[in-house]
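The structure appears right after this line, and notes come after that.
In the UniProt record's numbering, the protein residues as written are 1 to 622.
Set out below in structure tokens:
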């Protein structure tokens, strides 16, 4: 093993490029505890934060307390039923959710504890907020040591993980980035993240983990993805006892090949601390500097990077390592001697910022590692070089530049605007529609003609000819007693021509009949009524939307009634228009025909009658 190259020295004074680092921490995260005796201790994050603050690393980064992820944000990946269960279940009522606990794998490794949903919200909120700031170009790297829960599935808890903050963070990155690389150096396989993106080429997952009779039992070398995601899942199975130099000999060449072939636009790095030497549940032999060397190498590519935590069950070692890796990310050298802090007693008896490797046997032979490495790189060669993926979700607003007010809004400097509700830009971006966009129109029956008024001077296209650019103003008064303004298009012109031809034939027949019976007044009345009835049946009715009422245009002519009804309401369609030619010959004055029957006029019939009243009726010549 001596032939392997040693670790590169850590250089902290490189001022060629200043990285902007956003650090997310919520002080409440240490208040939660799984159950007594459980190896997962959220308190470890508070220990790491204490070291970061007392080393003065905070001076070189921006510190944020992210808003906890909401139910709606969690359901971007997880199912509604699963998140609802996590929100409702408590240690007091868990017995009533016995069936759901079995369904969602909650109970043993993933117990129910007080504040379960709030704890998941803190973890997921930091990763999503960090991804959002990377998208907006507000930072180069984002750190959320409370994240990294890579085992959670879409509708199932697994491996101490309930909500997969990594998947939620990657989904946020995919709104702006075409390709995202996920790197996992936890001792356990990142099965939850791999499963979420197993069929897509927009996310490449790369995991270095213990494989064999070990949780979760996945991550074989031949697991490379399916469909469009084939060869975009990279798994490097390792054996017990791998040390710093052998880990470096496989990690750096594989990541270099991934960067060359895949060319990601952003990176998510999971820094599970259970791959450290001496971990309660781990079986690797990495020192603190060997673990941090992976962080340094990924940082060297200069990609927007989201760094999250993960496993790690020896709290003092996890806290020291994550504090040291924070210094690597910001470029600050940290002395070996620990500064005094409120958890100083945890780090005895040496009180040093270091996790040393042990004399554990390394079961990873050189031949085995070379064989796996060559196969992994060969699979990478089969991937499409820098696949071009269409962006299906574009930014709602321009994130870069703008005025000082815009920058303040992006930085979430709105605490004085609304003290009760504060909205981050990430949540504002998700407001695609107005609040009333999909409002039900329950009062539609109460509006005139069933028409819903439109706001503003918007235009609507003619329903009859929606390919035409002709539009009708939406604010026309809709009154059933007034005819709808006629929209002239090809269909209306054709129907009008047919009506005019039919009207000419009717007038000719009436003239012939009048010449035979000049002395009969009743005949003249019947002839006039006949002409009006036929004209009404031939004239197409136009409804409020500009449609031709074909049922009305093909209706049978109205039956003639020779005896007028004195009490009947006069029909406006039978009134002779002012444009009718004057009769200069002496002839009897014809009585005004009345409505043939006492039938209730429906709104559509009233509109048809009003339309017919605007047409010119030819008076018979005697």
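Glycine included, C-beta positions come from ideal geometry on N, C-alpha and C.
Reduced DSSP secondary structure (H/G/I, E/B, other) of residue i
{"i": "residue 276", "result": "strand"}
{"i": "residue 144", "result": "strand"}
{"i": "residue 119", "result": "helix"}
{"i": "residue 641", "result": "Absent from the model: residue 641. The displayed extent of the chain is 1 to 622, so no value can be given."}
{"i": "residue 330", "result": "helix"}
{"i": "residue 507", "result": "helix"}
{"i": "residue 249", "result": "helix"}
{"i": "residue 182", "result": "strand"}
{"i": "residue 336", "result": "coil"}
{"i": "residue 265", "result": "coil"}
{"i": "residue 306", "result": "strand"}
{"i": "residue 161", "result": "strand"}
{"i": "residue 209", "result": "strand"}
{"i": "residue 375", "result": "helix"}
{"i": "residue 360", "result": "coil"}
{"i": "residue 45", "result": "helix"}
{"i": "residue 170", "result": "helix"}
{"i": "residue 74", "result": "helix"}
{"i": "residue 23", "result": "strand"}
{"i": "residue 61", "result": "coil"}
{"i": "residue 583", "result": "Residue placement at residue 583 cannot be trusted, given a pLDDT of 46 that sits under 50; the coordinates are not used to answer."}
{"i": "residue 187", "result": "coil"}
Nearest candidate by alpha-carbon position, reference residue i, set the options
{"i": "residue 356", "options": "161, 77, 32, 290", "result": "290"}
{"i": "residue 307", "options": "84, 298, 28", "result": "298"}
{"i": "residue 79", "options": "327, 262, 164", "result": "164"}
{"i": "residue 227", "options": "209, 200, 168, 210", "result": "200"}
{"i": "residue 273", "options": "57, 256, 209", "result": "209"}
{"i": "residue 367", "options": "304, 345, 296, 249", "result": "249"}
{"i": "residue 224", "options": "310, 328, 207, 216", "result": "207"}
{"i": "residue 175", "options": "282, 202, 239", "result": "202"}
{"i": "residue 296", "options": "326, 503, 278, 279", "result": "326"}
{"i": "residue 354", "options": "301, 370, 288", "result": "288"}
{"i": "residue 151", "options": "59, 121, 262, 191", "result": "191"}
{"i": "residue 168", "options": "45, 338, 69", "result": "69"}
Sequence-distant residues of its chain with Cβ nearer than 6 Å to residue i (five each side left out)
{"i": "residue 284", "result": "187, 242, 275"}
{"i": "residue 23", "result": "61, 63, 143"}
{"i": "residue 592", "result": "Since pLDDT at residue 592 reaches only 49, below the 50 mark, its modelled position is unreliable, and the value read off the structure follows with that caveat. For residue 592, where only same-chain residues beyond five positions count, there are no Cβ hits under 6 Å."}
{"i": "residue 135", "result": "176"}
{"i": "residue 623", "result": "Residue 623 lies beyond the residue range present for the chain, which begins at 1 and ends at 622; the question has no answer from this structure."}
Own chain residues within Cβ distance below 7 Å of residue i, not counting five before or after
{"i": "residue 157", "result": "104, 105, 106, 110"}
{"i": "residue 50", "result": "341, 342, 343"}
{"i": "residue 87", "result": "71, 117"}
{"i": "residue 294", "result": "185, 251"}
Backbone CA spacing between residue i and residue j [nearest angstrom]
{"i": "residue 131", "j": "residue 264", "result": "15 Å"}
{"i": "residue 20", "j": "residue 62", "result": "8 Å"}
{"i": "residue 93", "j": "residue 117", "result": "14 Å"}
{"i": "residue 213", "j": "residue 372", "result": "19 Å"}
{"i": "residue 114", "j": "residue 40", "result": "15 Å"}
{"i": "residue 247", "j": "residue 286", "result": "8 Å"}
{"i": "residue 251", "j": "residue 91", "result": "42 Å"}
{"i": "residue 85", "j": "residue 36", "result": "23 Å"}
{"i": "residue 312", "j": "residue 318", "result": "6 Å"}
{"i": "residue 89", "j": "residue 95", "result": "9 Å"}
{"i": "residue 127", "j": "residue 31", "result": "19 Å"}
{"i": "residue 123", "j": "residue 147", "result": "5 Å"}
{"i": "residue 262", "j": "residue 172", "result": "20 Å"}
Inter-residue CB distance, residue i and residue j (contact presumed, cutoff 8 Å)
{"i": "residue 66", "j": "residue 177", "result": "The pair is not a contact, with the Cβ atoms about 20 Å apart (cut-off 8 Å)."}
{"i": "residue 195", "j": "residue 153", "result": "7 Å"}
{"i": "residue 292", "j": "residue 268", "result": "Residue 292 to residue 268, Cβ: 17 Å. No contact."}
Distance cut-off 8 Å: residue i Cβ against heavy atoms of the ligand SAH
{"i": "residue 152", "result": "The ligand SAH is absent from the structure shown, which contains no ligand whatsoever."}
Contacting residues, own chain, Cβ-Cβ under 8 Å from residue i (five flanking each side not counted)
{"i": "residue 375", "result": "221"}
{"i": "residue 234", "result": "204, 205, 206, 207, 224, 254, 258, 376, 379, 380"}
{"i": "residue 237", "result": "209, 210, 211, 212, 219, 220, 221, 372"}
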